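Residue numbers (this note's numbering), protein chains in the order written: chain D, 1420 to 1617; chain C, 331 to 670; chain H, 457 to 653.
Where is the CB? At the ideal position from N, CA and C, for every residue including glycine.
Small disclaimer: the values here were computed from a predicted structure and weren't measured.
Data first, discussion second: the structure below is written as structure tokens.
Structure (structure tokens):
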């Protein structure tokens, strides 16, 4: 085994061990599963997170299989990093306005802007860390922020994989369907801006 | 077919699913719901039964708060049973009764427990509802039809399997062993048939397995799959690898008893059981098929993208099935031994 | 064929994901989404105009068939945006009623103006529709989920129009489409009369 693999192994199982070594709490109804599922649920029912993530993943997928493959890894990773940062005590409350994220991502997807793969990945990473951070800020008050962040990250991973694979595999009119989806995201963002100024 | 083989046994993904499941070691016990039954005994007067699950001697930190202006006709009774705490009250809610009034479950928002509420009026009409932590109160409704009851149990069925990490892990283990589409269909069908059978038998009272040994046996079924998964990695074969549907059928019987304990924990009156059973079972199948579909879609996505995970990441789900199975088996056997 | 099926399933999942999510959302969010979603479906004047946009797009063929559904939501949202920040657009109701008439006539005549003209006409109507909805947005619901529901419902109406419009490739279908256009313009005239009374 090469060096980094040993490290990766140890880190992975170490994290698993830390997370699972809480038998004292095992029998309390309100612990354990709760935070992980909360993390998943909160992400899935929050369109201000879900829509941009889906959009960014589609945009990566538009660039082809290679950027989609990297987006699957980078987006959740940056989301997770962002969540951890956001959960730090006294993390400054820097939250990107939802309308900006929605309009931006939606416009990229709707226009099918032909950017190079690296920029697509960069966009995904930025979206991941920015949204992860604001999610982390919210989750910081939860009973178990770390597990909640893990749950949300898993959900982000699954959504990213499905969306970018679907977008990468399409051509012709189905690609238009995705662009229409992007335009819906941008339109929602525009209305959200209206609400913010209302 | 060969592509399918690649998809399931080699390109096995799910690193983050692994991460998702990793923290669940401690969570062998599913969250059992609490139960509130209110029956009108005379106009405006009710008997109230409030049962909360006890886990390892810990009470659920949820307090029942009846609407203001309700007075006790008799002093409340409290019973502490092995697995639940039962509070009985006899109340007078005044002229209008409880209808349209609000019952609060204080502390519920801090738990992941659902509350089943069954309300029966004097004329025999009744309704069943689920109260969730996100909305820890109920407004006593006018009685509703069977459709709402069916919906409540359907949702409970979906939740029971999606929140029951052990059942999902067993299904995941089967997916890791299954080699092709046809085998997948056979295996999932066998599992469905088997657990539906015992779910019905146990709910209708024809068969019963006490909780602790049952839970240990279910853990054992998961543990059993671990070595089989490793065998399939090594390209070896075994009866399970050749005929996973037989294993799914046999062990599915046990899991069905597990589902039944989830349903009977709701403490339903007899006249509703067949209907509730059907809805609950359908809910379980929806949840199960949703989970299988999600895993297959993920695999499909990775295949489309020609994703190559490092071997250790690919194999992590298999390791998780085996090690969590082992952990739960030990933990649950210890529970039996220590007599909790 | 098979990969296509899989793709469709994947797309279906992606598209349904937000909907499923909303089914389980907290009461406020879900009701916001539902109100937003149902809102465009309650007014027949809106429905016929949106479907007409899809029908016309299908008649015009590429690139209008995809340009329209991509740009319409954004332009419509812009109309809603104007309403939300308090910029008045005159004669919105008349514009909406007119949109039904004119789009219906366009479908009936199978008229093929230059693309930019078609887009400009549709954009103008889109702003009217958006503006009207922006004014009608109910208070106390989550603005974002309401907006998403509203946009999605409108988009699905377009999709219906385009779906129906695919009969354009058969000669009987073309005739049927034109008849449908006539029906829509008749409806539009009815709403126009209502707008003036």
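Problem set entry | Collapsed DSSP secondary structure at residue 620 of chain H in the structure displayed | The residue labelled residue 620 of chain H in the question sits at position 164 within the third chain. DSSP places residue 620 of chain H in helix when its eight states are reduced to three.
Exercise. With burial defined as no fewer than 16 other Cβ atoms inside 10 Å of the residue's Cβ, what is the status of residue 407 of chain C: buried or exposed?
Worked result: Here the question's residue 407 of chain C lines up with position 77 in the second chain. Per the 10 Å Cβ criterion, exposed.
Exercise. Of all the options H/626, H/577 and H/554, which has the alpha carbon lying nearest to the alpha carbon of residue 520 of chain H?
Worked result: By one-based count along the third chain, residue 520 of chain H stands at place 64. Taking residue 520 of chain H as reference, the option from H/626, H/577 and H/554 with the minimal CA-CA separation is H/577.
Exercise. Taking just the CA atoms, how far does residue 632 of chain H sit from residue 516 of chain H?
Worked result: Counting from one through the third chain, the residue named residue 516 of chain H turns up at place 60. Counting from one through the third chain, the residue named residue 632 of chain H turns up at place 176. So the two alpha carbons sit approximately 16 Å from each other.
For this session: Closer than 9 Å, Cβ to Cβ, to anything on chain E: give me those residues from the stretch 525–539 of chain H, in chain order.
Result: The structure shown contains no chain E; its protein chains are D, C and H.
For this session: Can you have a look at residue 603 of chain H and say buried or exposed, based on whether 16 or more other CB atoms are within 10 angstroms of its CB?
Result: Translated into the one-based positions of the third chain, residue 603 of chain H becomes position 147. Buried.
Exercise. Taking 8 Å as the CB-CB limit, is residue 515 of chain C close to chain D?
Worked result: Your numbering for residue 515 of chain C matches position 185 in the second chain. False, the Cβ-Cβ gap to chain D never drops below 8 Å.
Exercise. If you check the beta carbons only, do residue 535 of chain H and residue 525 of chain H fall under 8 Å apart?
Worked result: Here the question's residue 535 of chain H lines up with position 79 in the third chain. Here the question's residue 525 of chain H lines up with position 69 in the third chain. No; because the gap between Cβ atoms is not below 8 Å, this pair is not in contact.
Exercise. Is residue 431 of chain C closer than 8 Å to residue 672 of chain C when the C-beta atoms are compared?
Worked result: Outside the displayed span of chain C (331 to 670) sits residue 672 of chain C, for which this structure offers no information.
For this session: Report the residues of the stretch 636–661 of chain C with a CB closer than 7 Å to any CB of chain D, ordered along the chain.
Result: 636, 637 and 642
Exercise. If you measure from the beta carbon of residue 1613 of chain D to each beta carbon in chain H, is any gap under 8 Å?
Worked result: Position 194 of the first chain holds residue 1613 of chain D. Yes, its Cβ sits closer than 8 Å to a Cβ of chain H.
For this session: Within 10 angstroms of the Cβ of residue 500 of chain H, are there 16 or more other Cβ atoms? Answer buried if so, exposed if not.
Result: Here the question's residue 500 of chain H lines up with position 44 in the third chain. It counts as exposed.
For this session: Please state if the CB of residue 532 of chain C and the CB of residue 586 of chain C are separated by a distance shorter than 8 Å.
Result: Taking the first residue of the second chain as 1, we reach residue 586 of chain C at position 256. Taking the first residue of the second chain as 1, we reach residue 532 of chain C at position 202. In contact: residue 586 of chain C and residue 532 of chain C (Cβ atoms closer than 8 Å).
Exercise. With distances taken between CB atoms, is the gap from residue 1492 of chain D to residue 1524 of chain D smaller than 8 Å?
Worked result: Your numbering for residue 1492 of chain D matches position 73 in the first chain. Your numbering for residue 1524 of chain D matches position 105 in the first chain. In this structure, residue 1524 of chain D does not lie closer than 8 Å to residue 1492 of chain D by Cβ.
For this session: Measure the alpha-carbon distance for residue 632 of chain C versus residue 388 of chain C and round it to whole angstroms.
Result: For the purposes of this step, residue 632 of chain C is identified with residue 302 of the second chain, where counting begins at 1. For the purposes of this step, residue 388 of chain C is identified with residue 58 of the second chain, where counting begins at 1. In a straight line, the C-alpha of residue 632 of chain C is about 44 Å away from that of residue 388 of chain C.
Exercise. Can you list, in chain order, the residues of its chain whose CB lies under 8 Å from that of residue 560 of chain C, leaving out five sequence neighbours each side?
Worked result: Here residue 560 of chain C refers to the residue found at position 230 when the second chain is read from its first residue. 648 and 652.
Exercise. Is residue 1464 of chain D near residue 1569 of chain D, with beta carbons less than 8 Å apart?
Worked result: For the purposes of this step, residue 1464 of chain D is taken as the residue at position 45 of the first chain. For the purposes of this step, residue 1569 of chain D is taken as the residue at position 150 of the first chain. For residue 1464 of chain D and residue 1569 of chain D, no; Cβs fall outside 8 Å.
Exercise. Does the beta-carbon distance from residue 383 of chain C to residue 446 of chain C come in below 8 Å?
Worked result: By 1-based counting over the second chain, the position of residue 383 of chain C is 53. By 1-based counting over the second chain, the position of residue 446 of chain C is 116. Cβ atoms of residue 383 of chain C and residue 446 of chain C: not closer than 8 Å.
For this session: Have a look at residue 640 of chain H and residue 499 of chain C and give me their C-alpha separation to the nearest angstrom.
Result: The count along the third chain starts at 1 and reaches residue 640 of chain H at position 184. The count along the second chain starts at 1 and reaches residue 499 of chain C at position 169. Going by the C-alpha atoms only, they are around 55 Å apart.
Problem set entry | residue 1580 of chain D versus residue 1494 of chain D: straight-line alpha-carbon distance, rounded | Residue mapping note: residue 1580 of chain D aligns to position 161 of the first chain, counting from 1. Residue mapping note: residue 1494 of chain D aligns to position 75 of the first chain, counting from 1. For residue 1580 of chain D and residue 1494 of chain D, the distance between alpha carbons rounds to 10 Å.
Exercise. When the cut-off is 8 Å and only beta carbons count, does residue 501 of chain C lie next to chain D?
Worked result: In the second chain, counting from the first residue as 1, residue 501 of chain C sits at position 171. No, residue 501 of chain C does not count as interfacial toward chain D.
For this session: Look at the alpha carbon of residue 1604 of chain D and the alpha carbon of residue 1471 of chain D, and state the distance between them as a whole number of angstroms.
Result: Counted from its first residue, the first chain places residue 1604 of chain D at position 185. Counted from its first residue, the first chain places residue 1471 of chain D at position 52. Roughly 8 Å separates the two Cα atoms.
Problem set entry | Simplified DSSP state of residue 1449 of chain D, which is helix, strand or coil | Stepping through the first chain from its first residue, residue 1449 of chain D is reached at position 30. Per-residue confidence for residue 1449 of chain D stands at a pLDDT of 28, beneath the threshold of 50, marking its modelled position as unreliable; the derived number appears in the next sentence. Three-state DSSP puts residue 1449 of chain D in coil, outside helix and strand.
For this session: Taking residue 372 of chain C as the reference, give the member of C/380, C/397 and C/425 with the closest Cα.
Result: What you label residue 372 of chain C is simply residue 42 of the second chain in a count that begins at 1. Looking at the Cα atoms, C/425 is the closest of the given residues.
Exercise. Name the chain H residues that come within less than 8 Å of residue 1609 of chain D, Cβ to Cβ?
Worked result: One-based indexing of the first chain puts residue 1609 of chain D at position 190. Correct list: 530, 533, 534, 536 and 537.
For this session: Decide yes or no for the touch test of the stretch 392–406 of chain C against the stretch 416–423 of chain C: beta carbon pairs closer than 8 Å, at least 3 of them.
Result: Using a Cβ-Cβ distance cut-off of 8 Å, the stretch 392–406 of chain C and the stretch 416–423 of chain C are in contact, since at least three pairs of beta carbons, one from each stretch, lie closer than that value.
Exercise. Is residue 459 of chain C helix, strand or coil by DSSP?
Worked result: Looking up residue 459 of chain C in the second chain gives position 129. If DSSP states are grouped into helix, strand and coil, residue 459 of chain C belongs with the strands.
Exercise. Within this structure, are the beta carbons of residue 553 of chain C and residue 655 of chain C separated by less than 8 Å?
Worked result: Here residue 553 of chain C refers to the residue found at position 223 when the second chain is read from its first residue. Here residue 655 of chain C refers to the residue found at position 325 when the second chain is read from its first residue. The answer is yes: Cβ separation under 8 Å.
Exercise. Under a Cβ-count criterion, where at least 16 other Cβ atoms within 10 Å of its own Cβ denotes burial, should residue 658 of chain C be classed as buried or exposed?
Worked result: Indexing the second chain from 1 puts residue 658 of chain C at position 328. Buried is the call here.
For this session: In angstroms with no decimal places, state the Cα-to-Cα distance between residue 416 of chain C and residue 466 of chain C.
Result: Residue numbering aside, residue 416 of chain C sits at position 86 when the second chain is read from its first letter. Residue numbering aside, residue 466 of chain C sits at position 136 when the second chain is read from its first letter. For residue 416 of chain C and residue 466 of chain C, the distance between alpha carbons rounds to 19 Å.
Exercise. With distances taken between CB atoms, is the gap from residue 510 of chain H to residue 614 of chain H smaller than 8 Å?
Worked result: Stepping through the third chain from its first residue, residue 510 of chain H is reached at position 54. Stepping through the third chain from its first residue, residue 614 of chain H is reached at position 158. Closer than 8 Å, so yes.
Problem set entry | Where residue 323 of chain C meets chain D, residues with beta-carbon distance less than 8 Å | Limits of chain C in this structure are 331 at one end and 670 at the other, which puts residue 323 of chain C out of reach.
Problem set entry | Beta-carbon gap between residue 523 of chain C and residue 584 of chain C smaller than 8 Å | To locate residue 523 of chain C, count along the second chain from 1; it is residue 193. To locate residue 584 of chain C, count along the second chain from 1; it is residue 254. No, the pair does not count as a contact, with Cβ atoms beyond the cut-off.
Problem set entry | Proximity winner among D/1543, D/1534 and D/1564, relative to residue 1505 of chain D (alpha-carbon distances) | Indexing the first chain from 1 puts residue 1505 of chain D at position 86. For the residues D/1543, D/1534 and D/1564, the minimum Cα distance to residue 1505 of chain D belongs to D/1564.
Problem set entry | DSSP state of residue 384 of chain C mapped onto helix, strand, coil | Looking up residue 384 of chain C in the second chain gives position 54. It is a strand residue.
Exercise. According to a CB-to-CB cut-off of less than 8 Å, which residues of the stretch 1481–1504 of chain D neighbour chain C?
Worked result: 1484, 1487, 1488, 1491 and 1495
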